[in-house]
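K.L.:
Residue numbers (our numbering): 4 to 124.
In structure tokens form, the structure reads like this:
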């Protein structure tokens, strides 16, 4: 697997990245490279990636490129949580991320909390 490349600029880490199984947290590009080695990006040409600012990105595993061009450009706190939890539900995992009140939490804190929660699964 080649090193992860960026088109124009880098996302703000940590990020949430969609895989063939579920959404996974990554604190750096090396984690994404490790996911690629585990062959978790085989079913699609591109995968959704959300950075810690809530910006939507696209990961193209065939070229090992992360691009800021994506269909969903800006994600809300609730949509990010729903996106993450839906992949757990699809796998039959009964646990889900509960953020409590979203109005008083910064988006980057929610992303970081999801990455920590995901790391414990």
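Glycine residues also receive a C-beta, built at the ideal position from the N, C-alpha and C atoms.
In terms of residues, what are the limits of the beta strand (DSSP E) holding residue 59?
P.N.:
From DSSP, the beta strand (DSSP E) with residue 59 extends over 59-63.
K.L.:
Have a look at 57, 106, 51 and 36 and flag the residue whose alpha-carbon is nearest the alpha-carbon of residue 90.
P.N.:
Comparing Cα-Cα distances from residue 90 to each of 57, 106, 51 and 36, the minimum goes to 51.
K.L.:
Kindly indicate the opening and closing residues of the beta strand (DSSP E) around residue 53.
P.N.:
Counting along the chain, the beta strand (DSSP E) containing residue 53 begins and ends at 50-53.
K.L.:
Contact check, residue 69 vs residue 7 under 8 Å by CB: the rounded distance?
P.N.:
Between residue 7 and residue 69 the Cβ distance is about 6 Å, and since that is below 8 Å, they are a contact.
K.L.:
What does DSSP give as the partner residues of residue 8 in its beta bridges?
P.N.:
Partner(s): 68.
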